[in-house]
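J.: Take any residue in the sequence shown, note its place counting from 1, add 321, and you have its number in the numbering used here. For each residue, glycine too, the CB sits at the ideal point set by N, CA and C. Predicted model only: the values in this text are computed from it and were never measured. I am attaching a structure below and will ask some questions about it afterwards.
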Amino acid sequence: MFRSAVSPVLSIAKRTYSNVAPCTKLFIDGQFVDSKTTEWIDLYDPATNEIVTKVPKATQKEMEDAVESNKKAFETWSQTSVLTRQQLMLKLQAVLRRDMKKIAQNITKEQGKTLADAEGDVLRGLQVVEHACSAGTLLQGESLQNISRDMDVVSYKLPLGVTAGICPFNFPAMIPLWMIPMSLIAGNTMLIKPSEKDPGATILLMELLNEVGCPPGVVNVIHGAHDAVNFICDHPDIRAISFVGADQAGKHIYERGAKHGKRVQSNMGAKNHCVVLPDANKETAINQVLGAAFGAAGQRCMALSVVILVGEAQKWIPDMVKAAQTLKVNAGHEPGTDLGPVISKQSKERIHRLIASGIEQGAKCPLDGRGIKVEKYPNGNFVGPTILTDVQPHHECYKEEIFGPVLCVMNADTLEEATAIINKNPYGNGTAIFTTNGSLARQFTHEVDAGQVGVNVPIPVPLPMFSFTGSRGSFHGDLHFYGKQGLNFYTQTKTVTTLWRKGQEQVKASGSMPVQN
Ligand code: NAD
């Protein structure tokens, strides 16, 4: 096993694979490790399509080594004091904040989003680390004195063992940070498989964990695609899996993991609708909808990809198109960029295909981003903001999660009609309403069937003291990410019942079920 003492990212220029591109390392037992694999995945800068790094598909032995190391580390990590784990999180939040820009630069290079958005990616993960700093409160169980005469009960939240996280490409820092802090403060160890499309941010996080003294093996990182995922689903020593990504993988992991007796939480795809009522503040509502539809080039699970214009608000389409035309498409690191490229050529082609199918099926396209040219980056995977109007529920562009900068516009005469459209859609990740009418807003929040609802808030992702509560087709599992539910996901409960009789008491042998009083 090759072991490197220098930074895996800074050393990229020195270690090359076939003298063509640097290689991303594994992180096992506190060491950055060069994989011995013969199978590599090329990772391209989405703005240029130049190769950035090669990502190994970890070998079976490397994956086994990683779990073995996690398992061994669990023996001591699970016995550390809550204060020790809390202190690790306190130190981690400080260095994460310090290195936010450095991590953001890596995200922009590998994933394509703008630098400001990439910093937001780190920040939303950092907030979970900050939340985990209250481990002492979060991990408290329950107690009841005198549940029966002289009898008390306490319950403890205890770790599960080795846990695993499987991550998507669209939030390379935030998603691993939804998982690692919550799992670790509970006393678990964790195996992370970042997206093979942008694992750099996770590797930078491992540098920080080393820097703050996280013991070897508490977090390990393997790379790969389907084989690595199936390895995690099947390994008998992995007790729980956190997954975030698209439907196909999410359903597969949920079923395969559960078949092996594991706990699984699976956050999947989405089609988030918003409703714009005619009493809304027009300019603010338009800007908020466009920001949430086209930000991160539409590659957010909470992107607003459908807007339902109610009544007179349907007359706002020309203004919406005009405002969308002002958004600047460019490489993510260029100043003033609103939308970077999408992740890959294949993704760009898929987005083009779904726009074309919408038009073929009868939608109108007052703004078509397919032909966009970004002068300085002619080879990038750019798609300009696209607006499809008159979209119908049977259109392919409505049924599929496009995951690109495409806003589908639908019409409704009433709020009830708009709500019915949303409730018929199989996904339930998030939704929003724009209005100045409190009573209608309240009606909407009560009647809409989605897990995260915003009132004049376009992307209502809860902060970590709550949980990320996407529902229906967007989630498989029982307990959501972070917040109280996240902690419950990563812990098992032990109850201890004690009887200390006051004074002497003769106990007679009895075969009947004990009844307390
Ligand atoms: P993806 O499902 O393609 O990949 C996610 C992970 O699963 C990766 O690590 C990948 O290696 C693995 N994987 C992919 N296909 C697999 C298969 N067939 N079998 C086994 N493993 C497989 O997702 P992505 O394209 O990286 O991310 C975008 C998707 O993630 C979107 O659908 C988006 O809505 C969703 N997402 C959801 C949330 C949420 O909280 N609901 C958050 C972020 C992203």
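Per DSSP, what are the beta-bridge partners of residue 732 in this structure?
T.: In the DSSP output, where bridge partners are listed per residue, residue 732 has 630.
J.: Measuring only between beta-carbons, confirm whether residue 475 sits less than 8 Å from chain D.
T.: As a matter of chain content, chain D is missing from the structure shown, which is built from one protein chain.
J.: Is the beta carbon of residue 434 sitting closer than 8 Å to the one on residue 701?
T.: Not closer than 8 Å, so no.
J.: Is residue 764 near ligand 1, in the sense that its beta carbon is under 7 Å from a heavy atom of that ligand?
T.: Because no heavy atom of ligand 1 lies under 7 Å away, the Cβ of residue 764 does not count as near it: no.
J.: Is the closest heavy atom of ligand 1 to the C-beta of residue 727 under 7 Å?
T.: Incorrect: residue 727 has no Cβ contact closer than 7 Å to ligand 1.
J.: So, residue 559 versus residue 574, is the Cβ gap smaller than 8 Å?
T.: No, they are not a contact pair.
J.: Among the residues of its own chain, which have a CB less than 6 Å from the CB of residue 423, if the five just before and after it don't count?
T.: Closer than 6 Å at the Cβ level, and outside the excluded window around residue 423, lies no residue.
J.: Could you give the first and the last residue of the continuous beta strand (DSSP E) run that contains residue 594?
T.: Taken as a continuous stretch (DSSP letters only), the beta strand (DSSP E) holding residue 594 covers 593-597.
J.: Quick check for students: name the residue ranges of the beta strand (DSSP E) that lie wholly in the region 663-687, counting only runs of 3 or more.
T.: Within the region 663-687, no complete beta strand (DSSP E) run reaches 3 residues.
J.: Does ligand 1 have even one heavy atom less than 7 Å from the beta-carbon of residue 389?
T.: No, the Cβ of residue 389 stays beyond 7 Å of every heavy atom of ligand 1.
J.: Thinking just about the alpha-carbon of each residue, which of 371, 425, 479 is nearest to the one in residue 399?
T.: Among 371, 425, 479, the Cα nearest to that of residue 399 is on 479.
J.: May I have a chain-ordered list of the beta strand (DSSP E) segments no shorter than 3 residues that lie completely inside the region 492-517?
T.: Those beta strand (DSSP E) runs which fall completely within the region 492-517 and span 3+ residues are 510-514.
J.: Restricting to Cα atoms, I'd like to know which of 706, 650, 403 is closest to residue 672.
T.: With distances taken between Cα atoms, residue 672 lies closest to 706.
J.: At which residues does the alpha helix (DSSP H) containing residue 575 begin and terminate?
T.: Here the alpha helix (DSSP H) through residue 575 covers 568-580.
J.: Taking Cβ to Cβ, would you say residue 716 is nearer than 8 Å to residue 684?
T.: Yes; because the gap between Cβ atoms is below 8 Å, this pair is in contact.
J.: Find out if the Cβ-Cβ distance for the pair residue 626, residue 632 is shorter than 8 Å.
T.: Cβ distance not < 8 Å, so residue 626 and residue 632 don't count as in contact.
J.: Going by other Cβ atoms of all chains shown within 10 Å of its Cβ, with 16 needed for buried, is residue 457 buried or exposed?
T.: Per the 10 Å Cβ criterion, exposed.
J.: Can you give me the Cβ contacts of residue 818 inside the same chain, cut-off strictly under 6 Å, excluding the 5 residues immediately before and after it?
T.: Correct list, in chain order: 474.
J.: May I have a chain-ordered list of the beta strand (DSSP E) segments no shorter than 3 residues that lie completely inside the region 327-410?
T.: Entirely contained in the region 327-410, the beta strand (DSSP E) runs reaching 3 residues are, in chain order, 347-349, 352-355, 361-365, 372-377.
J.: Would you list the residues sitting across from residue 563 in a DSSP beta bridge?
T.: Residue 563 is bridged to 486, 586.
J.: Taking C-alpha atoms, which residue in 411, 451, 488 lies nearest to residue 532?
T.: Taking only the C-alpha atoms, the option nearest residue 532 is 411.
J.: Examine ligand 1 and report whether any of its heavy atoms sits within less than 7 Å of the Cβ of residue 722.
T.: Yes; taking the cut-off as 7 Å, the Cβ of residue 722 has a heavy atom of ligand 1 nearer than that.
J.: With C-beta atoms as the reference, is residue 845 less than 8 Å away from residue 565?
T.: Outside the displayed range of the chain (322 to 838) lies residue 845, so it cannot be described from this structure.
J.: For ligand 1, I want to know if residue 421 counts as a neighbour, meaning its beta carbon is within less than 7 Å of at least one of the ligand's heavy atoms.
T.: Checking every heavy atom of ligand 1 against the Cβ of residue 421, none is found closer than 7 Å.
J.: Please classify residue 441 as buried or exposed, where buried requires at least 16 neighbouring CB atoms within 10 angstroms.
T.: Classification for residue 441: buried.
J.: Would you say the beta carbon of residue 569 is closer than 7 Å to some non-hydrogen atom of ligand 3?
T.: In terms of ligand content, the structure shown lacks ligand 3 and carries ligand 1 instead.
J.: Using C-beta distances below 6 Å, list every residue in its chain close to residue 567, excluding the 5 sequence neighbours before and after it, in chain order.
T.: Excluding residues within five positions, the ones whose Cβ falls inside 6 Å are 590.
J.: Is the closest heavy atom of ligand 1 to the C-beta of residue 489 under 7 Å?
T.: Residue 489 Cβ: within cutoff of ligand 1.
J.: May I ask you to check if the CB of residue 576 is nearer than 7 Å to at least one heavy atom of ligand 1?
T.: Residue 576: no, Cβ never under 7 Å from ligand 1.
J.: Under 8 Å Cβ to Cβ from residue 381, same chain only, skipping five residues before and after it: list those, please.
T.: Around residue 381: 552.
J.: Is residue 645 closer than 8 Å to residue 611 when the C-beta atoms are compared?
T.: Cβ distance < 8 Å, so residue 611 and residue 645 count as in contact.
J.: Just how far apart, CA to CA, sit residue 420 and residue 494?
T.: If I take the Cα positions, the gap works out to 12 Å.
J.: Out of 483, 718, 498, 392, which one is the CA nearest neighbour of residue 448?
T.: Taking only the C-alpha atoms, the option nearest residue 448 is 498.
J.: Under 8 Å Cβ to Cβ from residue 379, same chain only, skipping five residues before and after it: list those, please.
T.: The answer, listed in chain order, is 347, 356, 358, 387, 543, 544, 545, 549.
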